[in-house]
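Trainee: I have a structure I would like to understand better, so I am pasting it below and will then ask my questions one at a time.
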Amino acid sequence: MVQKYKLVLLTLIATCSLLFANAQTKVPQDSIQSKMQWFADAKLGIFIHYGIYAVNGINESWSFHNKEISYPDYMKQLNGFTASNYEPAYLAGLIKASGARYAVITTKHHDGVALWPTKQNKLNVVDASPAKRDLIAPLFEALRKNNIKAGAYYSLLDWSHPDYPGFLKDSARYKVKEQPERWKKFQVFLNGQLNELSKNYRPDLYWFDGDWEHSAEEWNATSIRESLLKDNPNTIINGRLQGYGDYETPEQNFPVSRPSFKWWELCMTTNNNWGYQQKDTAWKTPYEVISIFVDAVANGGNLLLDIGPKADGTIPKEQVNILTELGKWNQRNGDAIFDRLGGIPQGHFYGPTTLSKDSTTLYLFLQAKTSGSVMLKGLDSKIKSIEILGNGSKLPHKIVGKISWSTVPGLVYINVPEKNLDTYMTVLKLQLEKPIKLYRGKGGL
Ligand code: FHN
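If you want our numbering, it's the position in the sequence shown, counting the first as 1, plus 3.
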């Protein structure tokens with residue numbers, strides 16, 4: 004039985020890595036290095052899943068896809084989508100307070116309901132819901148006023164559009180190869196909407212989704228990429244354009260070994276659902292969110308943390324608390340996070356680490372309420388100073404076991420007083436005399 008389980012697990016891992024590997028194979032990384040720099044330095048983004056699915060508090064789009072609700076009943080939620088309390092200035096301020104440097108809002112999910120006044124059809128919150136206003140423009144404006152990059156999530160697939168092959172309103176589905184003219188009609192619609200987003204909102208980042216239903220050739224992914232870059236050469240594109248994206252987007256599943264992609268971003272919910280669902284009270288604690296965020300950054304990635312506004316636009320108080328507490332922690336410890344690099348290889352320290360870009364500063368993140376004598380192995384660099392971020396207290400350290408005739412460095416023990424611990428995760432800042440050198444050997448004689 005165990006053998007069988009192992010085989011299944013290995014197959015799953017192989018498929019996933021193939022999936023990811025395939026997703027990032029076509030854009031030469033050195034060609035996008037400079038425009039990716041802000042993204043690499045940003046570390047934290049806020050994802051916003053806002054849509055009609057918040058009215059009943061059900062799964063976004065998937066609820067009708069999986070027949071948990073009929074398509075007509077799902078679409079009736081349009082009538083309850085008021086956005087009456089949707090306050091872009093407040094939302095941008097909350098995002099700013101979290102420490103995030105970019106935000107990504109669902110401009111259109113798989114259900115095909117656009118949050119802007121698209122001219123391509125009438126299925127949008129301006130023409131078809133009591134909201135009756137563009138929800139994207141004011142948010143992008145408020146984000147940019149706060150010096151936060153504005154990203155557009157856009158579902159390539161559209162389960163409402165009558166010319167989309169996976170159309171779900173009725174059984175009128177088709178295969179692209181059998182009705183190429185019909186697929187072309189959908190592509191005119193798709194490219195028309197992307198053109199509107201590009202020209203009217205000039206997103207700093209496109210977060211495509213739903214690319215899995217068609218190949219790069221069928222999506223004409225290269226021309227989508229070319230036309231967006233033609234309008235804005237500095238915009239960046241996530242890795243869900245069938246291989247023509249700029250970075251990888253692992254979702255909900257936390258990497259254990261460090262992903263091999265140059266740029267990657269873990270997207271994650273604050274409870275178990277992307278959109279607002281009143282019954283979902285499985286909130287992650289601020290500590291859990293901070294430790295996941297630190298883990299992603301220490302592994303060289305970003306975290307895109309999701310919130311799901313209610314139908315009227317109110318942000319659930321639990322998510323306000325998470326973003327606020329995360330922001331306070333970032334205020335105290337952001338020096339170890341923003342503009343930094345992923346940390347040193349595993350084995351030197353029992354926890355996440357990050358480095359300054361010149362690698363003269365090493366940051367150690369202490370799990371839970373670790374205090375007392377903390378150990379660091381294989382540091383072959385002289386330490387100038389050690390302090391706790393957030394309260395600046397200087398810490399003594401002791402080198403143990405350094406043998407005079409051996410080149411192997413001794414162990415560093417740092418004494419961390421319990422009284423100076425952070426509310427959530429304590430961070431030690433080690434200032435080194437020179438760029439870091441590490442001993443990676445298997446020990447002496
Ligand atoms: O199907 C969507 C899902 O509803 C949600 O939007 C997530 C967020 O990344 N993306 C897709 C699932 O991978």
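C-beta atoms are modelled at their ideal positions from N, C-alpha and C, and glycine is treated no differently. Predicted, not measured: the structure shown is a model, and the values here were computed from it.
Can you tell me which of the three DSSP states A24 falls into?
Mentor: Below a pLDDT of 50, predicted positions are generally treated as unreliable, and A24, at 39, falls in that range; no measurement from the model is reported.
Trainee: Buried or exposed: which applies to D249, given that a residue is buried once 16 or more other Cβ atoms fall within 10 Å of its Cβ?
Mentor: Buried is the call here.
Trainee: Heavy atom of ligand 1 less than 6 Å from the Cβ of W277, yes or no?
Mentor: True, at least one ligand heavy atom lies under 6 Å from that Cβ.
Trainee: Does DSSP put A285 in a helix, in a strand, or in coil?
Mentor: Looking at A285 - three-state DSSP - the assignment turns out to be coil, as it is neither helix nor strand.
Trainee: Ordered along the chain, which non-local residues of its own chain (more than five positions away) have a Cβ less than 7 Å from that of R185?
Mentor: Only D166 and Y177 meet the Cβ criterion.
Trainee: Once you ignore the five residues that flank T14 on each side, which residues in its own chain have a CB closer than 7 Å to its CB?
Mentor: With a pLDDT of only 46 at T14, under the threshold of 50, the placement of this residue in the model should not be trusted, and no figure is reported.
Trainee: Per DSSP, what kind of secondary structure is S260 in: helix, strand or coil?
Mentor: S260 falls in the coil class under three-state DSSP.
Trainee: Assuming Q245 contacts S263 under a Cβ cut-off of 8 Å, what Cβ separation, rounded to an integer in Å, is found between them?
Mentor: About 19 Å; that fails the 8 Å criterion.
Trainee: Measuring CA to CA, which of G83, L126 and D130 is closest to Y56?
Mentor: Y56 has its Cα closest to that of G83, out of G83, L126 and D130.
Trainee: Give the range of the alpha helix (DSSP H) segment to which L232 is assigned.
Mentor: A224 to D234 is the span of the alpha helix (DSSP H), which, as asked, contains L232.
Trainee: Could you check whether the Cβ of D425 sits closer than 6 Å to any heavy atom belonging to ligand 1?
Mentor: Result no, Cβ not under 6 Å from ligand 1.
Trainee: Can you list, in chain order, the residues of its chain with a C-beta nearer than 6 Å to that of I340? Leave out the 5 residues immediately preceding and following it.
Mentor: Closer than 6 Å at the Cβ level, and outside the excluded window around I340, lie K46 and V300.
Trainee: Between which two residues does the beta strand (DSSP E) harbouring K366 extend?
Mentor: Just to set this straight, residue 366 is Tyr in the shown sequence, not Lys. Looking at the DSSP string, the run of the beta strand (DSSP E) that includes Y366 is T364 to L369.
Trainee: Thinking C-beta only, is S163 closer than 7 Å to G213?
Mentor: Contact: no.
Trainee: So, for F352: in the same chain, excluding its five sequence neighbours on each side, which residues have a beta-carbon less than 6 Å away from its beta-carbon?
Mentor: So the list reads L367 and L379, once near-sequence residues are dropped.
Trainee: Counting only the same chain and skipping the five closest in sequence on each side, list residues whose C-beta sits under 6 Å from that of K401.
Mentor: Here the set comprises Y416.
Trainee: Going along the chain, which residues of its own chain have a beta-carbon closer than 6 Å to the beta-carbon of E328, five neighbours each way excluded?
Mentor: P289.
Trainee: Grab me the residues of G381's own chain with a C-beta within less than 7 Å of its C-beta, minus the 5 sequence neighbours each way, in chain order.
Mentor: Cβ neighbours of G381 beyond the five flanking positions: H351, P412, L441, Y442 and R443.
Trainee: Less than 8 Å between the CB atoms is what I'm expecting for G447 and I406, so what's the real figure, rounded?
Mentor: 7 Å between Cβ atoms; contact.
Trainee: What are the boundary residues of the alpha helix (DSSP H) that Y77 is part of?
Mentor: Counting along the chain, the alpha helix (DSSP H) containing Y77 begins and ends at Y74 to M78.
Trainee: Using the Cα positions of T272 and N235, report the straight-line distance between them to the nearest angstrom.
Mentor: Rounded to the nearest angstrom, the two C-alpha atoms are 30 Å apart.
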